[in-house]
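The working numbering puts the sequence shown at residues 15 to 707. Each residue gets a CB set at the ideal place from its N, CA and C atoms; glycine is no exception. Structure, as structure tokens:
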Amino acid sequence: MPIPPAAEQRSLFPPAFELGGPREGPSQLQPAVSRRRILWFCILMLFWAGTIFTRLVYLQVVRRSFFEEKARTQQQRTIAVRAGRGLILDRRGRELALSVPVDSICAMPAEIADPDAVADILSPILGAPRAELAKKLTARRGFCWIQRLVEPDVSARVRALNLRGIYFQKESKRYYPKGTTAAHLIGAVGLDQIGLAGVEQSREKDLQGQPGLMVVSADARQRPFAGRLSQEPAPGQNIVLTVDERIQYVAERELREAAVRTGASAGSIVILQPATGAVLALASHPAFNPNEPVRSGADMEHRRNFAVTASYEPGSTFKLVTMAAALEERLTRPDEVIDCQMGSILVAGQRIRDHKQFGRLSAADVLAHSSDVGIIKLGLRLGDHRMYQYIRRFGFGRATGIELPGEAAGLTRPAEAWSRVSIGAISMGQEVGVTAVQMAQAVAIIANGGALAPPRVIEATFESGGKPSPVARPAVRRVISPETAIQLKRMMEKVVLYGTGKLARIEGYTAGGKTGTAQKIDPRTGAYSKTDFVASFVGFAPLHDPAIVVAIVLDSPRGLHSGGGVAAPVFPRVASEVLRYMQVPQQLPVDPAIRRRSQPDPKLLAEVSDFNPEGRTPGHPPHPPSPDPRPPTPGPHPPTPDFKGQPMRAVAETALAMGLEVELRGSGMARRQNPLAGLPLPAGARVTVEFER
15 MPIPPAAEQR
25 SLFPPAFELG
35 GPREGPSQLQ
45 PAVSRRRILW
55 FCILMLFWAG
65 TIFTRLVYLQ
75 VVRRSFFEEK
85 ARTQQQRTIA
95 VRAGRGLILD
105 RRGRELALSV
115 PVDSICAMPA
125 EIADPDAVAD
135 ILSPILGAPR
145 AELAKKLTAR
155 RGFCWIQRLV
165 EPDVSARVRA
175 LNLRGIYFQK
185 ESKRYYPKGT
195 TAAHLIGAVG
205 LDQIGLAGVE
215 QSREKDLQGQ
225 PGLMVVSADA
235 RQRPFAGRLS
245 QEPAPGQNIV
255 LTVDERIQYV
265 AERELREAAV
275 RTGASAGSIV
285 ILQPATGAVL
295 ALASHPAFNP
305 NEPVRSGADM
315 EHRRNFAVTA
325 SYEPGSTFKL
335 VTMAAALEER
345 LTRPDEVIDC
355 QMGSILVAGQ
365 RIRDHKQFGR
375 LSAADVLAHS
385 SDVGIIKLGL
395 RLGDHRMYQY
405 IRRFGFGRAT
415 GIELPGEAAG
425 LTRPAEAWSR
435 VSIGAISMGQ
445 EVGVTAVQMA
455 QAVAIIANGG
465 ALAPPRVIEA
475 TFESGGKPSP
485 VARPAVRRVI
495 SPETAIQLKR
505 MMEKVVLYGT
515 GKLARIEGYT
525 AGGKTGTAQK
535 IDPRTGAYSK
545 TDFVASFVGF
555 APLHDPAIVV
565 AIVLDSPRGL
575 HSGGGVAAPV
585 FPRVASEVLR
595 YMQVPQQLPV
605 DPAIRRRSQP
615 DPKLLAEVSD
625 FNPEGRTPGH
635 PPHPPSPDPR
645 PPTPGPHPPT
655 PDFKGQPMRA
665 VAETALAMGL
675 EVELRGSGMA
685 RRQNPLAGLP
695 LPAGARVTVE
705 FER
């Protein structure tokens, strides 16, 4: 092919290439394209780096704690280790409940080559089902509990096997060194060491302490390789009770013997200090051992605190409330003669018969001989509303506030809900429900000069190594006047001296009290039973400066069932030993007749019944009031003491000690009195003392 001329060849290229030549055009455009590409590449790299940096900041800073926790969850497992529960001590520092270190058996399943064989070995030693153990040992986890809080001999047998993957961890187990003593008061804990009853339950937050933490580490394949305590358990607070272990032992011993002797199905004894409300003993029957696990429903029934949770009709012990209200409202006097109508009275068309045919009795003898007719007449004078007000003032119908779980409030209906016959029934202790603690509180009001100090069982709390800090005491409130309280004390003394409570006399000590016998409701018929009764006695000693109040309740005694026959004899057995232990000096010479009365004479028992539904037949002569056995003051009339400048309580106690009838007016300190100090005081005369602030 012929080659065209040079001019024709140049015409084949674009004009731009014609100006600069074919090698100069690309060299001019290349730098611009490269710079753009580099710029975009840099922008892309900066964006990518910024994204990575932002993500790293988010992961390493913003979500750091989340991923650290995630890593810990995957690599470590935290297990709670129980803290030792606080001590429970009696008022003298004796240990009633404590925590002891015992072994809990745990396992690392990943380290166990043959779980079935290990389960076969451990099952008979631990007393646990083999299938349950095998399931735990084959679980895909780094740690599991095999059995917690095992007995030392069981732990020693497992240790001796030296099984791979089986480990031991020290934990605290509750132990009650006194066994059954004060068990209903202290309570018990369950398998999880959480309080189930008594103080253990009511003070759970204080006693339980702060649990510790054990950390178990694992490798990438979730195989455990180390365990350590990351936080030591902190023990709970220690609690000091008002209860005295020795007094509690006496109460439980006498209650147990009384239940066996009378065939009672249940019972309780409450002992308290009337001035402070401190409970010195609180015993219930049947007993149980808090160191043993719960095995059956019957065992749970044994754990019931009868003194606090069980309501019962008080019977004649409730006549104290009726008499107190009548005296306080000045509707009667101790020496007023009341016609008991030979043991029969008609209330709202319903006839109520007495346990004996009494004729004319003084108000004091109405209480001493527990006349239903006489006390109903006083209740009718009060009327429904005033009677209900005094029932509430004495604390019935509401919980006492004692620091124990499950306390029953009792049963009282508003006066508007009473029937026409209710005033007669309630006056003698029917149609109301009370607890043993409430009844002890009511008598403590009388023993304490008319002031109510609510019962309590907690004295103080303290940290380990610290000093006890007393708990706040409930406020004391006045219920009846000191004058009324003095009159009731002297009337209750007559109950013990020659009334239905003769078997409650204490060797060497003065005392006052009241018996009670109440029919139980038959659940099948809804009517009062003729075979089931609640026998009770509530009293205090010594008379002039009471140190203790004792309430005794026996549920469903068999055979002899009256309060004067089965409950009253328990009082001197308890009170005499407690008063000697408390070093209360004796006021009376030793009476051999009282000492010989360890087993009551059947003839005497026939005279101390305050309720006998089978003995309401006519023909019995009225029971004459016995004379006061205290000898009269010999010689001329004694001079009137000088009460000026003394507080009301001191005047009341002095008058009571001297056997004077005294009328207290006003409040504050004694300013005036009639007769004047030093003047002869005839027998039976009344001294009026006026107080001013």
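Shortest Cα-Cα distance from residue 102 to any of 126, 351, 200 and 117 involves 200. Of the residues 484, 474, 493 and 485, the one whose Cα lies closest to the Cα of residue 467 is 493. Between the region 580–600 and the region 517–537, the count of Cβ pairs shorter than 8 Å is three or higher; the stretches touch. By the CB criterion at 7 Å, residue 509 and residue 382 fall inside the cutoff. Counted as a single uninterrupted DSSP element, the beta strand (DSSP E) harbouring residue 119 occupies residues 109–121.
DSSP, reduced to helix, strand and coil, places residue 184 within a strand of the structure shown. Taking a 10 Å sphere around the C-beta of residue 656, we find fewer than 16 other C-beta atoms and assign the residue as exposed.
Separation of residue 181 and residue 596 (C-alpha to C-alpha, rounded to the nearest whole angstrom) is 52 Å. With contacts defined as CB atoms closer than 7 Å, residue 532 and residue 453 fail to qualify as a contacting pair.
Within its own chain, the residues whose Cβ lies closer than 8 Å to the Cβ of residue 178, once the five positions on either side in sequence are excluded, are 125, 126 and 127, listed in chain order. By a beta-carbon distance limit of 8 Å, residue 391 contacts residue 352. Their separation comes to about 6 Å. Under the three-state reduction of DSSP, residue 364 is assigned to strand. Residue 424 sits away from residue 358, with the two beta carbons spaced by 7 Å or more. In the structure shown, residue 190 falls within a coil segment according to DSSP collapsed to helix, strand and coil.
Taking a 10 Å sphere around the C-beta of residue 56, we find fewer than 16 other C-beta atoms and assign the residue as exposed. Annotated as distal: residue 284 and residue 418, with beta-carbon spacing of 7 Å or more. Here the C-alpha atom of residue 549 lies approximately 18 Å from the C-alpha atom of residue 541.
In the DSSP assignment, residue 554 falls within the unbroken beta strand (DSSP E) covering 542–555. One thing to note: residue 503 has its Cβ within 7 Å of the Cβ of residue 526.
Residue state for residue 560 is assigned as coil, using DSSP reduced to three classes. Setting aside the 5 residues that flank it on each side, residue 105 is surrounded in the same chain by 254, 255, 256, 257, 258 and 473, each with a C-beta closer than 7 Å to its C-beta; the list follows chain order. When C-beta atoms of the region 297–306 are compared with those of the region 397–407, fewer than three pairs fall below 8 Å, so the two segments do not count as touching.
For residue 497, the enclosing alpha helix (DSSP H) begins and ends at 496–512.
When secondary structure is reduced to three states using DSSP, residue 336 falls in the helix class. Residue 184 counts as exposed, since fewer than 16 other C-beta atoms from the protein chains shown sit within 10 angstroms of its C-beta. For residue 335 against residue 405, the beta-carbon gap comes to about 6 Å, under 8 Å, which counts as contact. Every unbroken stretch of the alpha helix (DSSP H) spanning 4 or more residues and falling wholly within the region 560–598 is given here in chain order: 584–595. With fewer than 16 neighbouring CB atoms inside 10 Å of its own CB, residue 52 falls in the exposed class.
Judged by DSSP in its simplified three-state form, residue 281 adopts strand. Residue environment analysis places residue 342 among the buried positions, since at least 16 neighbouring C-beta atoms fall within 10 angstroms of its C-beta. Short of 8 Å from the beta carbon of residue 498, and not among the five residues preceding or following it, lie these beta carbons of its own chain, in chain order: 338, 341, 342 and 464. Just measuring C-alpha positions, the residue of 665, 166 and 59 sitting nearest residue 115 is 166. Rounded to the nearest whole angstrom, the C-alpha separation of residue 157 and residue 82 is 21 Å. Between the beta-carbon of residue 537 and that of residue 446 there is about 19 Å, and that puts the pair past the 8 Å contact cut. Here residue 369 carries a coil assignment [DSSP, helix/strand/coil]. Between residue 265 and residue 289, the C-beta spacing is not below 7 Å.
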